[in-house]
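**Student:** One structure, pasted below without further comment.
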Amino acid sequence: MLSWAETSSLPPSHPTSSEPTLANTSETSTSPLTELTSQDFQDLQPADLKERSVETLSDAAYLFGSSPQVIDPQHHAAEVNAFEGPATSPTISFSPLQSPRAQHPFNAPASDRRFHEELAERLQAATLLADTPNDTEGTEANDRNNKWDPGRPDSHAPLGVMGDHTHNKGEVMLSYRYMRMGMGGNLDGQNNLTPNEVLEQFQVTPLRMTTKMHMFGAMYAPTDELTLMVMAPYVIKSMDHLTGMGTNFTTNSEGFGDIRLSGLYNILDRNRQRVHFNAGISFPTGSISERDATPAGPDQVLPYPMQIGSGTVDLMPGITYLGQAGRWSWGGQGMGTIRLGRNSQDYRLGNQLSLTAWGARQWSKSISTSLRLKGRLLGNNTGEDPRLAPGNQLVPPLIPTIDPDLRGGSRMDLNVGLNFLAQKGFLKGHRFALEAGLPIFQSLSGPQLENDFTITVGWQKAFSP
Ligand SMILES: [Cu+2]
Numbered sequence: 006m007l008s009w010a011e012t013s014s015l016p017p018s019h020p021t022s023s024e025p026t027l028a029n030t031s032e033t034s035t036s037p038l039t040e041l042t043s044q045d046f047q048d049l050q051p052a053d054l055k056e057r058s059v060e061t062l063s064d065a066a067y068l069f070g071s072s073p074q075v076i077d078p079q080h081h082a083a084e085v086n087a088f089e090g091p092a093t094s095p096t097i098s099f100s101p102l103q104s105p106r107a108q109h110p111f112n113a114p115a116s117d118r119r120f121h122e123e124l125a126e127r128l129q130a131a132t133l134l135a136d137t138p139n140d141t142e143g144t145e146a147n148d149r150n151n152k153w154d155p156g157r158p159d160s161h162a163p164l165g166v167m168g169d170h171t172h173n174k175g176e177v178m179l180s181y182r183y184m185r186m187g188m189g190g191n192l193d194g195q196n197n198l199t200p201n202e203v204l205e206q207f208q209v210t211p212l213r214m215t216t217k218m219h220m221f222g223a224m225y226a227p228t229d230e231l232t233l234m235v236m237a238p239y240v241i242k243s244m245d246h247l248t249g250m251g252t253n254f255t256t257n258s259e260g261f262g263d264i265r266l267s268g269l270y271n272i273l274d275r276n277r278q279r280v281h282f283n284a285g286i287s288f289p290t291g292s293i294s295e296r297d298a299t300p301a302g303p304d305q306v307l308p309y310p311m312q313i314g315s316g317t318v319d320l321m322p323g324i325t326y327l328g329q330a331g332r333w334s335w336g337g338q339g340m341g342t343i344r345l346g347r348n349s350q351d352y353r354l355g356n357q358l359s360l361t362a363w364g365a366r367q368w369s370k371s372i373s374t375s376l377r378l379k380g381r382l383l384g385n386n387t388g389e390d391p392r393l394a395p396g397n398q399l400v401p402p403l404i405p406t407i408d409p410d411l412r413g414g415s416r417m418d419l420n421v422g423l424n425f426l427a428q429k430g431f432l433k434g435h436r437f438a439l440e441a442g443l444p445i446f447q448s449l450s451g452p453q454l455e456n457d458f459t460i461t462v463g464w465q466k467a468f469s470p
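Each residue of the sequence shown is one higher than the last, beginning at 6 in my numbering.
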């Protein structure tokens, strides 16, 4: 990196008057920017700038005597991005205050300022080009400015969306999410049931359930098209109950859940929009034999919602769409969960379909906020865990959570989110995000516990090769 202090000690071949002298020259391909005419400058393509050395760009900065990043405050964020660029790109850093011509940029003549804006734009284009050495050169490279920008806070979807983005070749990303989901009260269809109403049908009713999840993730892109992702959850569950006799009890379970591998494959990247396929497979690494004390005994197999894994290999096909325009971005994802066969206890959980769509606004180069709708369809179980089936049919039946036909339903949540991407300091490049959601519609095969809230907080960091 060449700081202004260094550039200001370059040999005094640069013009020093406050009115830039733009000497005419015909050898634009090799001449420093200081010798370009304004017409030459108009004709200059981003690819030309990319060819030029850092010193040449510094020459330009010297000539114009002030930092392009303060010329037009309205475009401040974009220009700072351009000048901070990733470590692999030629980066210039200079400040008007340290300039030997430390004049306020707005003191410069209007024509001069227009020139500054042009310079800033061209330099930004050049820096963007330098970011993507694998990008196609030539005319297509000039479309670079019109491509989807991965460096914005909202270039990652709201935190609750998994497999939302892909990476450039060679990049690695690590992530951690903490999720907390609360459920409370029972629904049958869309109707609320009081605990007493449930106890008219069952001997025990669940009252509320808390699921906490530590989700560890890693992504790696072997090519620009393909990104691989692995997600490993550690799950902690707790469910409170009330019996018909009027006593309360709580069961707990925890452990590593089902590990998911995904391949994310880009199929479109143009006009600031992207589409990729998600091909996920979930392995039955999570336990389906969690036990705890209940009124029935000290070491009872817990009902379906308290188990940690599905017990089956699950396919998770999906498609993700992303778009950006100005300070806004949006996206959508559809994802299925198709469970294969039956697990070791001769049942399989219901298949799922999840559809989500969001919009986000970038408030600064570090902060964006989002609104997201998420809809889910969940099927009932197929088959039944023989360990949960009572030996002789109890009347009334024991508890709704062991009924394989009381697991399905449809839910719609509304989520608000915040993404933060640190742009400087020792946390530069680290992302922090949170998202919180409330249900706006639920219709469940009931009695079944209804969602109350979901909160997700997390960290992400990408590493370039
Ligand atoms: Cu990533």
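Glycine included, C-beta positions come from ideal geometry on N, C-alpha and C.
Nothing here was measured: the structure is a model prediction, and the numbers come from that model.
Have a look at Thr387 and Gly355 and give me their C-alpha separation to the nearest angstrom.
**Tutor:** Rounded to the nearest angstrom, the two C-alpha atoms are 7 Å apart.
**Student:** Can you pull every residue whose C-beta falls closer than 5 Å to some heavy atom of ligand 1, listed in chain order?
**Tutor:** So the residues near ligand 1 by this Cβ test are Met178 and Met224.
**Student:** Put Ser160 into one of helix, strand or coil per three-state DSSP.
**Tutor:** Reduced to three states, the DSSP call for Ser160 is helix.
**Student:** Would Leu426 and Ile460 qualify as a contact pair, given that the criterion is a beta-carbon distance under 9 Å?
**Tutor:** Contact: no.
**Student:** Near Thr255, which residues of its chain fall below 8 Å by C-beta distance, leaving aside the five closest residues on each side in sequence?
**Tutor:** Excluding sequence neighbours, Thr255 sits near Ser243, Met244, Asp245 and His246.
**Student:** Could you pull the start and end residues of the beta strand (DSSP E) that Leu449 belongs to?
**Tutor:** Counting along the chain, the beta strand (DSSP E) containing Leu449 begins and ends at His435 to Phe468.
**Student:** Does Phe468 pass the burial test, meaning 16 or more other C-beta atoms within 10 Å, or should it be called exposed?
**Tutor:** So Phe468 counts as exposed.
**Student:** The alpha helix (DSSP H) that contains Thr259, what's its start and end?
**Tutor:** A small correction: the amino acid at residue 259 is Glu; Thr does not occupy that position in the sequence shown. Note, Glu259: premise wrong, no alpha helix (DSSP H); beta strand (DSSP E) at Asn253 to Phe261.
**Student:** Check for me: the beta strand (DSSP E) holding Pro211 runs from which residue to which?
**Tutor:** Pro211 -> beta strand (DSSP E) spans Val209 to Tyr225.
**Student:** Does the Cβ of Lys433 have 16 or more other Cβ atoms within 10 Å, making it buried, or fewer, making it exposed?
**Tutor:** Lys433 comes out exposed.
**Student:** Short of 8 Å in beta carbon distance, which residues of its chain neighbour Asp349, apart from the five on each side in sequence? Order them along the chain.
**Tutor:** The residue you asked about is not Asp; residue 349 is Ser in the sequence shown. Around Ser349: Ile293 and Gly316.
**Student:** Give the straight-line distance between the Cα atoms of Leu382 and Ala362, rounded to the nearest whole angstrom.
**Tutor:** Roughly 15 Å separates the two Cα atoms.
**Student:** What would DSSP say about Pro238, mapped onto helix, strand or coil?
**Tutor:** Of the three classes helix, strand and coil, the one that applies to Pro238 here is strand, per DSSP.
**Student:** Using DSSP with H/G/I as helix, E/B as strand and the rest coil, what is Ile313?
**Tutor:** Ile313: coil per DSSP, three-state reduction.
**Student:** Over the uninterrupted alpha helix (DSSP H) stretch that includes Pro303, give me the two end residues.
**Tutor:** Not the alpha helix (DSSP H): Pro303 falls in the beta strand (DSSP E), residues Gly302 to Val306.
**Student:** For the candidate residues Arg377, Thr199 and Ala394, whose alpha-carbon lies nearest to that of Arg213?
**Tutor:** Of the candidates Arg377, Thr199 and Ala394, the one whose C-alpha sits nearest the C-alpha of Arg213 is Thr199.
**Student:** Tell me which residues share the same chain as Gly291 and place their Cβ nearer than 6 Å to its Cβ, disregarding the 5 neighbours each side in the sequence.
**Tutor:** Within the same chain, Gly291 has close Cβ partners Gly262, Asp263, Ile313 and Gly314.
**Student:** With a threshold of 6 Å on Cβ separation, who are the neighbours of Gln357 within its own chain once the five nearest residues in sequence on each side are excluded?
**Tutor:** Excluding sequence neighbours, Gln357 sits near Thr342 and Leu383.
**Student:** Shortest alpha-carbon distance to Arg275 belongs to which of Asp169, Gly414, Thr374 and Leu327?
**Tutor:** Looking at the Cα atoms, Leu327 is the closest of the given residues.
**Student:** What's the call for Met250, buried or exposed, on a 16-neighbour Cβ count within 10 Å?
**Tutor:** The residue is exposed, with fewer than 16 neighbouring Cβ atoms inside 10 Å.
**Student:** What's the gap between the Cα of Glu170 and the Cα of Gln447?
**Tutor:** Per the sequence shown, residue 170 should be read as His rather than Glu. Distance between the alpha carbons of His170 and Gln447 is about 29 Å.
**Student:** Would you check if the distance between the CB atom of Trp464 and the CB atom of Phe437 is smaller than 9 Å?
**Tutor:** Closer than 9 Å, so yes.
**Student:** Starting from Leu204 and walking both ways along the alpha helix (DSSP H), at which residues does that stretch end?
**Tutor:** Taken as a continuous stretch (DSSP letters only), the alpha helix (DSSP H) holding Leu204 covers Pro200 to Gln206.
**Student:** Tell me the DSSP secondary structure of Asn151 in three-state form.
**Tutor:** Helix at Asn151.
**Student:** My output table needs one value for Pro405: the three-state DSSP class, helix, strand or coil.
**Tutor:** Note: Pro405 maps to helix in three-state DSSP.
**Student:** Which residue marks the beginning of the beta strand (DSSP E) containing Ser294, and which one marks its end?
**Tutor:** Ser294 -> no beta strand (DSSP E), and no H or E assigned at all.
**Student:** Please confirm whether Gly222 and Arg182 have their CB atoms less than 9 Å apart.
**Tutor:** Cβ atoms of Gly222 and Arg182: closer than 9 Å.
**Student:** Just how far apart, CA to CA, sit Val85 and Lys174?
**Tutor:** Reliability fails at Val85, whose pLDDT of 39 lies under 50, so the model's placement of it is uncertain and no value is given.
**Student:** Please state the DSSP three-state secondary structure of Asp274.
**Tutor:** Of the three classes helix, strand and coil, the one that applies to Asp274 here is strand, per DSSP.
**Student:** Using only the alpha-carbon positions, how far apart do Ser58 and Arg265 sit?
**Tutor:** Model confidence at Ser58 stands at a pLDDT of 38, short of 50, so the residue's coordinates are unreliable; what they give is reported in the following sentence. Taking the straight line from one Cα to the other gives about 45 Å.
**Student:** Are there 16 or more other CB atoms within 10 angstroms of the CB of Ala298, so buried, or fewer, so exposed?
**Tutor:** The residue is exposed, with fewer than 16 neighbouring Cβ atoms inside 10 Å.
**Student:** Cutting at 6 Å between CB atoms, please list the residues of its own chain near Leu411, excluding the five before and the five after it.
**Tutor:** These residues qualify, in order along the chain: Pro405, Ser450 and Gln453.
**Student:** Pick out whichever of Pro238, His219, Leu393 and Val166 has its Cα sitting closest to the Cα of Pro289.
**Tutor:** It is Pro238.
**Student:** Under the three-state reduction of DSSP, which class applies to Met417: helix, strand or coil?
**Tutor:** Strand.
**Student:** Going by DSSP, what residue range makes up the beta strand (DSSP E) through Arg381?
**Tutor:** It spans Ile372 to Leu383 - the beta strand (DSSP E) in which Arg381 sits, taken as one unbroken run.
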